[in-house]
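Chemist: Mind looking over this structure? Questions follow.
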Amino acid sequence: AAPTVGWAPVALPQADDDTAMRLLELYRHRDPALASALTQGLQLEKVAKGDEMKPKPGTNGVGAMRLVARGAAKLMAADDGPRIGALAFDGWDTHAKEGGLAGRLAQLLGGLDGALAEFESGLGERWRDTVIVVATEFGRTARINGTEGTDHGTGTIALLAGGAVKGGRVISDWPGLKPVNLYQGRDLAPTTDLRAVMKGVLHDQFGLADRVLAESVFPDSRTAKPMQGLVVV
15 AAPTVGWAPV ALPQADDDTA MRLLELYRHR DPALASALTQ GLQLEKVAKG
65 DEMKPKPGTN GVGAMRLVAR GAAKLMAADD GPRIGALAFD GWDTHAKEGG
115 LAGRLAQLLG GLDGALAEFE SGLGERWRDT VIVVATEFGR TARINGTEGT
165 DHGTGTIALL AGGAVKGGRV ISDWPGLKPV NLYQGRDLAP TTDLRAVMKG
215 VLHDQFGLAD RVLAESVFPD SRTAKPMQGL VVV
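Quick note on this note's numbering: the sequence shown kicks off at 15 and runs consecutively.
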């Protein structure tokens, strides 16, 4: 199996280089496995961070999105960096005070926009070969609830970005928001299987065969055919 690594910006005070090296020397004699993990972590931190990566006092979730994306872009831009990255951004469960053009949701979308900008600038020339998939677990209800937010729903969207994307399009069978068209009378009706989108990207970007996608990547998903024409090939 291909190796995997994990990284996140550190908000706590950092140990100086001398302390880190002393710990590493101790672990080498007492716990080689821990020494190996610490070595990898120190190497990742060296690549991903810089003075500008230190979280500033009062940094909120929106600012953290940019920090995480900036560090991930640095790691992936390296010649020996990972080819696939997965980032998780929290805070989107807008049951209350969701807002519209201004408010909580608008702030979160601004953070996402900033994270994508960090990827574009941080990847440099590699951006032209990059596909970013922005996806979520579930949608939101079509109607506002009693606390000026929305509850867990069904239909949602996925966004594709990157230099390798055939962009500038909206691909959808729009079901509409009339009450008669809502799923179970409350949600936007889903019309596309998200696995079909992911399969289309993985097939064109990495050359994965349909059988591998249907049996190993997304088990028991033969009915969700890869969406064609999402990536420049």
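Using N, Cα and C, we set each Cβ at its ideal position, and we do this for glycine too.
Indicate whether Glu162 and Arg80 have their beta-carbon atoms separated by less than 8 Å.
Modeler: The answer is no: Cβ separation not under 8 Å.
Chemist: Taking 7 Å as the cut-off, is the beta-carbon of Pro233 closer than that to any non-hydrogen atom of the ligand NAD?
Modeler: The ligand content of the structure shown is nil, which means the ligand NAD is not present either.
Chemist: Measuring only the C-alpha atoms, how far is Ser230 from Lys239?
Modeler: Roughly 14 Å between the two C-alpha positions.
Chemist: Counting C-beta neighbours from all protein chains within 10 Å, is the total for Glu112 16 or more, i.e. buried, or is it exposed?
Modeler: Buried, by the Cβ-count rule.
Chemist: So, at 8 Å on beta carbons, what are the nonlocal neighbours of Gly114 in its own chain, with the 5 sequence-adjacent residues on each side left out?
Modeler: The residues are Ala120.
Chemist: Below 8 Å on the Cβ atoms is my guess for Gly243 versus Lys180; work out the distance and round it to an integer in Å.
Modeler: Yes, they are in contact, since the Cβ atoms of Gly243 and Lys180 sit about 6 Å apart, within 8 Å.
Chemist: Could you give the residue range of the alpha helix (DSSP H) that holds Ala228?
Modeler: Per DSSP, Ala228 belongs to no alpha helix (DSSP H) and is neither H nor E.
Chemist: Exposed or buried, what is Gln57 when buried is set at 16 or more other beta-carbons lying within 10 Å of its beta-carbon?
Modeler: It is exposed - the Cβ of Gln57 has fewer than 16 other Cβ atoms within 10 Å.
Chemist: Looking at C-alpha atoms only, which residue of Ala83, Pro204 and Arg142 is the closest neighbour of Gly128?
Modeler: Among Ala83, Pro204 and Arg142, the Cα nearest to that of Gly128 belongs to Ala83.
Chemist: From what residue to what residue does the beta strand (DSSP E) around Leu115 run?
Modeler: First-last for Leu115: undefined, no H or E at that position.
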